[in-house]
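J.: Supplied in structure tokens, the structure appears directly below.
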Amino acid sequence: MGSVTAFSAYRGRIRPRAAVVLAAALLAGGSSVPLAAPAAAEVSGQASGAAVFLERELTRLGHSFPSTTPGTVDGGLVADTLIGLHAAGRTGETFSATTDKLRGTYYSATVRTSGLTAKYLMVARRAGVDPAEWGVDSAKQPVDLVARLAGTLDEGGRYRNLNAGPYDPKRDLSNVFSQSLALIAMHEQNPGAGQEAAIRYLVRQQCPGGGFRAAPPSADVGSTCTSAEANGGVDYTAMAVWALAETGGDPAALHEGLDWLRANQQDDGGFVAEGASNANSTGLAALALTKAGERDAAGRAAGWMASVQAPADSAEPAVTGAVAYNAEKYLEMTRDPAAFWSGTSRQDQLRRATAQAVLGLSATPPTDIPAPPTDGDGGTPGPAPGGTPPPGGDGAEVTPETRTAALDAASVSTAAATAAVTAAANRAAAGAAVAAPPPAAPPTVPAPGMPAERAPGGVESVGRADPLPAADGGFGAFLRGPWGIASSVLLGFAVAGAGYFLAVRRPGGRG
1 MGSVTAFSAY RGRIRPRAAV VLAAALLAGG SSVPLAAPAA AEVSGQASGA AVFLERELTR
61 LGHSFPSTTP GTVDGGLVAD TLIGLHAAGR TGETFSATTD KLRGTYYSAT VRTSGLTAKY
121 LMVARRAGVD PAEWGVDSAK QPVDLVARLA GTLDEGGRYR NLNAGPYDPK RDLSNVFSQS
181 LALIAMHEQN PGAGQEAAIR YLVRQQCPGG GFRAAPPSAD VGSTCTSAEA NGGVDYTAMA
241 VWALAETGGD PAALHEGLDW LRANQQDDGG FVAEGASNAN STGLAALALT KAGERDAAGR
301 AAGWMASVQA PADSAEPAVT GAVAYNAEKY LEMTRDPAAF WSGTSRQDQL RRATAQAVLG
361 LSATPPTDIP APPTDGDGGT PGPAPGGTPP PGGDGAEVTP ETRTAALDAA SVSTAAATAA
421 VTAAANRAAA GAAVAAPPPA APPTVPAPGM PAERAPGGVE SVGRADPLPA ADGGFGAFLR
481 GPWGIASSVL LGFAVAGAGY FLAVRRPGGR G
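Just so you know, we're using the UniProt record's numbering here: the sequence shown kicks off at 1 and counts up by one.
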């Protein structure tokens, strides 16, 4: 890893005035000209098929996706999906309508989530929306995405999560996902702005083996990862590699992170988070590998994702083109597609897996596609050609020689922002035990987009995915919650006791 001077609790830190100067530099310049998307015909059939599945789902669900909290929108997942559609060249009516819907979604006036704000800024850049006119927040104030994201940058280079009231590091769930997203979004907006402090903060999260930890302990946020800590994870490392490759920051750290990713790629081309190769981790890794110029490894990763993609001749048309979370879920989906699709949690998992998979599939076309999993081989893909290609392209086998310059450009414009929430949510839905990634202090919760059947630890919810803060529920929401129910029960006992006391004290009531 590049030489980085560790400092504890921001000793030797940048003075507050310097932090203001950095934020001002980020705010200066920039453009609302949309980032170029590849032509739909220039991406692989697998990427197009996955994108078409996501478009169908957005149309079916009113150009938005629900979160696990009834009545609320998962803005992080919607942003991930829009970034993926742009990467696949699908920027037509569905893309525009969904962007418009997202701009009107609840945006908290008091909570500043750096990862989610970065995702929205990436969407704005792809949609040609002026970031200074994104929408209004819950206090009816204009939302300037660049200004709000710059406002989360602290003097140590950390893009933080800010809650109402005084800053409390124990409540700050920002992590490598949100830091990487912010670096990428700000670089896209203003490539000339210096982000050295933010890059140094990111590199301090790199462990001696080359992988990146989730976040530092809240009691020592200026610390550098040591050999005593867990040696990183695929999702965090992929996001960090993508950010370093995009910004050109710290080549030594970039190469060590890249070496770590290559060393952790499975024989089938996939990447493992818990137990077996999964689409979320593999999609992020494929994108990061592409950004760093490792096209062969990226192609094999895309090949694994193609092997768990629903074929064009699926008995349930609704799943066509979707990428299953892992081999086990692929077998469930293909064994009885209609039954599989009947479960809303499985639909949600397919959307989350496909949203991140399309990033990798669009970055580099699949190569060395393993045979789809079968019951006979225990769900482990083998080294053989893939099955029926999904709709959206001709599905012709792609080799390194057939990759085009247009695809290279497409991969550069692809936003890998997904969130960690999405992958973590999918792992929870798959029944895997989700282990919270290190920080030593209170467990970190995923940062850019983590809504799911349960929130995984450590990911700022990025994709893995930043959930939108729910609107204030008021007294009714309190009564529906566990504390409200408990309070109602206690109140009932109190009323009953008071009634009994009054009854025995009334005249004639004594013996």
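Note that the Cβ used here is the ideal one computed from N, Cα and C, for glycine as well.
Since we're looking at a predicted model, the values are computed, not measured.
Is the region 232-249 touching the region 289-309 in the sense that three or more CB pairs, one from each, lie closer than 8 Å?
T.: yes
J.: Which residues share a DSSP beta bridge with residue 212?
T.: 206
J.: Would you tell me roughly how many angstroms separate the C-alpha atoms of residue 197 and residue 360, rounded to the nearest one?
T.: Looking at the backbone, the Cα of residue 197 and that of residue 360 are separated by about 29 Å.
J.: Quick test of your reading: residue 357 and residue 323, contact by CB under 8 Å. State the CB separation rounded to the nearest angstrom.
T.: 4 Å between Cβ atoms; contact.
J.: Residue 94 and residue 58: beta carbons closer than 8 Å?
T.: yes
J.: In the structure shown, what three-state DSSP assignment does residue 142 receive?
T.: strand
J.: Count the other C-beta atoms from every protein chain shown that fall within 10 angstroms of the C-beta of residue 315, then say buried if there are 16 or more, exposed otherwise.
T.: exposed
J.: Are the region 268-288 and the region 363-376 touching, with three or more C-beta to C-beta distances below 8 Å?
T.: Segments in contact, yes.
J.: Measure the CB-CB distance between residue 225 and residue 195 and report whether it falls below 8 Å.
T.: In this structure, the beta-carbon distance from residue 225 to residue 195 does not fall below 8 Å.
J.: Report the CB separation of residue 177 from residue 122 in whole angstroms; it is logged as a contact under 8 Å.
T.: Not quite, the Cβ-Cβ distance comes to about 13 Å (not below 8 Å), so this is no contact.
J.: Return the residue from the list 162, 165, 227 and 253 that minimises the CA-CA distance to residue 201.
T.: 253
J.: Would you please verify whether the beta carbon of residue 58 is less than 8 Å from any beta carbon of chain C?
T.: Structure shown: chain C not included; a single protein chain is present.
J.: If you drop the 5 nearest sequence neighbours on each side, which residues of the same chain put their C-beta closer than 8 Å to that of residue 529?
T.: The shown model of the chain, from 1 to 511, leaves out residue 529, and the question about it has no answer.
J.: What number of angstroms, rounded off, separates the C-alpha of residue 312 from the C-alpha of residue 326?
T.: In a straight line, the C-alpha of residue 312 is about 19 Å away from that of residue 326.
J.: What would DSSP say about residue 309, mapped onto helix, strand or coil?
T.: strand
J.: Within 10 angstroms of the Cβ of residue 80, are there 16 or more other Cβ atoms? Answer buried if so, exposed if not.
T.: buried
J.: Look at the alpha carbon of residue 169 and the alpha carbon of residue 189, and state the distance between them as a whole number of angstroms.
T.: A direct Cα-to-Cα measurement between residue 169 and residue 189 gives close to 28 Å.
J.: Any idea if residue 119 is buried or exposed, counting beta-carbon neighbours within 10 angstroms, 16 or more meaning buried?
T.: With at least 16 other beta carbons inside 10 angstroms of its own, residue 119 counts as buried.
J.: When the distance is taken between beta carbons, is residue 84 closer than 8 Å to residue 116?
T.: Not a contact, by the Cβ cut-off of 8 Å.
J.: Roughly how many angstroms separate the alpha carbons of residue 159 and residue 355, rounded to a whole number?
T.: Residue 159 and residue 355: Cα-Cα distance of roughly 24 Å.
J.: Between which two residues does the alpha helix (DSSP H) holding residue 120 run?
T.: Here the alpha helix (DSSP H) through residue 120 covers 114-127.
J.: Relative to the alpha-carbon of residue 306, which residue among 72, 44, 33 and 343 has its alpha-carbon at the smallest distance?
T.: Looking at the Cα atoms, 44 is the closest of the given residues.
J.: Measuring CA to CA, which of 222, 96, 353 and 204 is closest to residue 237?
T.: Closest in alpha carbon position to residue 237, among 222, 96, 353 and 204, is 204.
J.: When we look at the beta-carbon of residue 512 and count the other beta-carbons within 10 Å, is it buried (16 or more) or exposed?
T.: What the structure shows of the chain is the stretch from 1 to 511, and residue 512 is not part of that stretch, so it cannot be assessed.
J.: Fully enclosed by the region 24-111, which alpha helix (DSSP H) runs are 4 residues long or longer?
T.: 45-60, 75-87 and 93-103
J.: Buried or exposed: residue 282, going by 16 or more other Cβ atoms within 10 Å of its Cβ?
T.: buried
J.: In the structure shown, what three-state DSSP assignment does residue 151 receive?
T.: Under the three-state reduction of DSSP, residue 151 is assigned to coil, being neither helix nor strand.
J.: Taking the alpha carbon of residue 370 as the reference point, which residue from 142, 137 and 277 has its own alpha carbon closest?
T.: Nearest C-alpha to residue 370 among 142, 137 and 277: 277.
J.: Output the boundary residues of the alpha helix (DSSP H) element that contains residue 287.
T.: 279-291
J.: Assuming residue 182 and residue 141 are in contact, meaning their beta carbons sit under 8 Å apart, how far apart are those beta carbons, in whole angstroms?
T.: Wrong, their Cβ atoms sit about 21 Å apart, outside the cutoff.
J.: Is DSSP giving residue 221 helix, strand or coil here?
T.: coil
J.: Assuming residue 156 and residue 92 form a contact by the criterion Cβ under 8 Å, report the distance between their Cβ atoms to the nearest whole angstrom.
T.: Not confirmed; about 43 Å, so no contact.
J.: Measuring alpha carbon to alpha carbon, tell me which residue in 208, 56 and 174 is nearest residue 90.
T.: 56
J.: Buried or exposed for residue 113, going by 16 or more other Cβ atoms inside 10 Å?
T.: buried
J.: Skipping 5 residues on each side, what residues in its chain have a beta carbon closer than 8 Å to that of residue 82?
T.: 95, 98, 99, 102, 123, 126 and 127
J.: Return the CA-CA distance between residue 258 and residue 287, expressed in angstroms with no decimal places.
T.: 12 Å
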